[in-house]
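Colleague:
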Amino acid sequence: MLKKVVKKIQEHQQASIVRRVERSGVDECKLLDWAKANWLLCDRTRLVEEAYLRPSAPSQRTSILTDDNRTESDQEVLRSTKDILWAVLFGTEKTNVHLTRVARELLCLTVPSYKAYAFNFFRAVTELGASGTWRYPDNVSNDHNASNILLQVEFGETESNLIGDVIMVCTHLINLLEVNEQVLYARCISVEQNLEELNTHHGVMQAGIAEDWINEVGSGNL
Numbered sequence: 015m016l017k018k019v020v021k022k023i024q025e026h027q028q029a030s031i032v033r034r035v036e037r038s039g040v041d042e043c044k045l046l047d048w049a050k051a052n053w054l055l056c057d058r059t060r061l062v063e064e065a066y067l068r069p070s071a072p073s074q075r076t077s078i079l080t081d082d083n084r085t086e087s088d089q090e091v092l093r094s095t096k097d098i099l100w101a102v103l104f105g106t107e108k109t110n111v112h113l114t115r116v117a118r119e120l121l122c123l124t125v126p127s128y129k130a131y132a133f134n135f136f137r138a139v140t141e142l143g144a145s146g147t148w149r150y151p152d153n154v155s156n157d158h159n160a161s162n163i164l165l166q167v168e169f170g171e172t173e174s175n176l177i178g179d180v181i182m183v184c185t186h187l188i189n190l191l192e193v194n195e196q197v198l199y200a201r202c203i204s205v206e207q208n209l210e211e212l213n214t215h216h217g218v219m220q221a222g223i224a225e226d227w228i229n230e231v232g233s234g235n236l
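Written as structure tokens, this is what we have:
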């Protein structure tokens, strides 16, 4: 019974996202504009200071954030972020997503098991159980032996590698606005290469965006 309820919630959320994506449409120019407008929000202090996130929101690596912790502006940012992430991962011409995909890549996202429902709008996703292994410097925090879920989604990348950059911004924002982890691992791996070899352009996002991405956006050369 519970599985049926969860599935119905997932289907409803996916359907809502699809309708919004179909209405708005997505192409590389729109992705670039969205990324430039939103990457500056990838900072919790800024989200609080600019009244996106309420000051009373739980600290990172505690509970997941809910509607009560977010302002109306924050809700809209989270909604648009999930729409964009769905579009770059699953969108096609049929859903008004116009991207020329030239390479296959694999998104690997490690999320605490009890927070994985933040990504229940994913479809065609592989879920694997995984134990946490990282420790924060000076042992301030760690997820050693924590129960995690590894989410894997194959997607098509463009020649400009823009999709991988957008995915990193999206996963970072979803972490800051909902998942609420101190460290959230997201990797993009080239499917054409050995799956153990990471795509060095995208790198690993640890509660932040890859430095080369920030530099490119800051210089207007994304």
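All you need for our numbering is the position in the sequence shown, starting with 1, plus 14.
Glycine is no exception: its CB is placed at the ideal position from the N, C-alpha and C atoms.
Note that the coordinates shown come from a computational prediction; the quantities given were computed from them, not determined experimentally.
(1) How about the segment 133 to 144 and the segment 69 to 88: do they share at least three Cβ pairs that are nearer than 8 Å?
(2) So which of 206, 91, 205 and 113 has the shortest CA-CA distance to residue 189?
(3) Please work out which residues of its chain come closer than 6 Å, Cβ to Cβ, to residue 57, disregarding the five sequence neighbours upstream and downstream, and give them in chain order.
(4) Rounding to the nearest angstrom, what Cα-Cα distance links residue 126 and residue 163 in this structure?
(5) Candidates 193, 67, 101 and 184: which alpha carbon is nearest residue 128's?
(6) Using a Cβ-Cβ cutoff of less than 7 Å, which residues in the same chain neighbour residue 235 once the five nearest sequence positions on both sides are dropped?
(7) With DSSP collapsed to three states, give me the class of residue 192.
(8) Does residue 224 pass the burial test, meaning 16 or more other C-beta atoms within 10 Å, or should it be called exposed?
(9) So does the segment 92 to 101 actually touch the segment 22 to 36, counting three or more Cβ pairs closer than 8 Å?
(10) In terms of alpha-carbon separation, which member of 69, 77, 96 and 178 lies closest to residue 85?
(11) Just how far apart, CA to CA, sit residue 39 and residue 107?
(12) Mind checking whether residue 171 and residue 117 have CB atoms under 7 Å apart?
(13) Compare the beta carbon distance of residue 41 and residue 112 with 7 Å and say whether it is the shorter of the two.
(14) With DSSP run on the structure shown, which of helix, strand or coil describes residue 178?
(15) What distance in whole Å lies between the Cβ atoms of residue 109 and residue 32, which are believed to be in contact at a cut-off of 8 Å?
(16) Confirm, please, whether the CB-CB distance from residue 119 to residue 184 is below 7 Å.
(17) For residue 133, which three-state DSSP category applies?
(18) Look at residue 121 and residue 167 and say whether their C-beta atoms are less than 7 Å apart.
(19) What are the start and end residues of the alpha helix (DSSP H) that includes residue 13?
(20) Just the Cα atoms here: how many angstroms apart are residue 187 and residue 94?
(21) When the Cα atoms are used, what is the spatial distance from residue 169 to residue 177?
(22) Tell me which same chain residues have a C-beta within less than 6 Å of the C-beta of residue 173, skipping the five on either side of it?
(23) Rounded to a whole number of angstroms, what is the C-alpha to C-alpha distance between residue 204 and residue 37?
(24) Can you tell me whether DSSP reads residue 27 as helix, strand or coil?
Modeller: Answer, in terms of the structure:
(1) no
(2) 91
(3) none
(4) 6 Å
(5) 193
(6) Note that residue 235 has pLDDT 41, beneath the 50 cutoff, so the model's placement of it is unreliable and no number is given.
(7) helix
(8) Here residue 224 scores only 39 on pLDDT, less than 50, and its place in the model should not be relied on; the value that follows carries that caveat. So residue 224 counts as buried.
(9) yes
(10) The shortest C-alpha separation from residue 85 is found at 69.
(11) 9 Å
(12) yes
(13) yes
(14) helix
(15) 6 Å
(16) no
(17) helix
(18) Contact flag set, yes.
(19) Since the displayed the chain opens at 15 and closes at 236, residue 13 lies outside it and no answer follows.
(20) 10 Å
(21) Approximately 9 Å between the Cα atoms of the pair.
(22) 116
(23) 31 Å
(24) helix
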